[in-house]
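Peer 1:
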Amino acid sequence: MDRLTEMEAFATVVDQGGFTDAAKKMGISKSAVSKHVSALEARLGARLLNRTTRRVSPTEIGLAYYDRARRVLNDAGEADALVTSMQSAPSGLLRISVATDFGVNLLSPILGDFLLEYPDITVNMVLNNRYVELISEGF
Numbered sequence: 003m004d005r006l007t008e009m010e011a012f013a014t015v016v017d018q019g020g021f022t023d024a025a026k027k028m029g030i031s032k033s034a035v036s037k038h039v040s041a042l043e044a045r046l047g048a049r050l051l052n053r054t055t056r057r058v059s060p061t062e063i064g065l066a067y068y069d070r071a072r073r074v075l076n077d078a079g080e081a082d083a084l085v086t087s088m089q090s091a092p093s094g095l096l097r098i099s100v101a102t103d104f105g106v107n108l109l110s111p112i113l114g115d116f117l118l119e120y121p122d123i124t125v126n127m128v129l130n131n132r133y134v135e136l137i138s139e140g141f
């Protein structure tokens with residue numbers, strides 16, 4: 003089984019106070035959560051949870067493991083979010099060659115909002131009233 007999934011199942015059981023609520027939170031069955039936690043306990047060779055018919059609570063070892071597991075899960079989530087944000091945010095140089103009137107009257111007013119929304123983009127706008135050879139002039 004996946005170590006992060008086992009950690010997540012255990013941490014969610016502790017957070018939610020039981021297997022049923024943890025299963026709802028994770029969107030999997032109660033038995034799947036139980037299997038993940040049991041596999042984790044078997045792999046570690048330690049009992050992490052005190053289970054009674056009425057409640058579930060972490061053992062002393064489980065509480066120590068929970069603190070570290072929660073940090074690992076948060077770090078993994080932040081790493082995923084970082085990659086997602088880096089892929090979804092456009093960046094680089096945008097070179098535009100437009101007729102002077104079009105650039106001044108239509109493009110310039112909206113360029114500020116564009117740059118606020120996409121701060122990692124640098125815009126190089128050339129205004130002129132001549133035909134531009136896009137490839138030879140580097141556009």
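Quick note on numbering: our numbering labels position 138 of the sequence shown as 140, and the sequence is numbered without any gaps. Don't be surprised by glycine CBs; every beta carbon is placed ideally from N, CA and C.
(1) Would you mind sorting T14 into buried or exposed? The rule is 16 or more other CB atoms within 10 Å of its CB.
(2) Check this for me: beta carbons of H38 and T7, under 9 Å apart or not?
(3) By the DSSP assignment, the beta strand (DSSP E) with V100 in it spans what residues?
(4) Over what stretch of residues does the alpha helix (DSSP H) that includes V125 continue unbroken?
(5) At 4 residues or longer, and completely inside the region 11 to 94: list those alpha helix (DSSP H) runs for me, N to C.
Peer 2: Concretely, from the data shown:
(1) Taking the sequence shown and counting its residues from 1, one reaches residue 14 at position 12. Per the 10 Å Cβ criterion, buried.
(2) As a first step, residue 38 must be located in the sequence shown, where it is residue number 36. As a first step, residue 7 must be located in the sequence shown, where it is residue number 5. It is a contact, given that the beta carbons lie within the stated cut-off.
(3) Numbered from its first residue, the sequence shown carries residue 100 at position 98. Counting along the chain, the beta strand (DSSP E) containing V100 begins and ends at G94 to V100.
(4) Walking along the sequence shown from the start, residue 125 turns up at place 123. No alpha helix (DSSP H) holds V125; the beta strand (DSSP E) holding it covers I123 to L129.
(5) 21 to 28, 32 to 46 and 62 to 90
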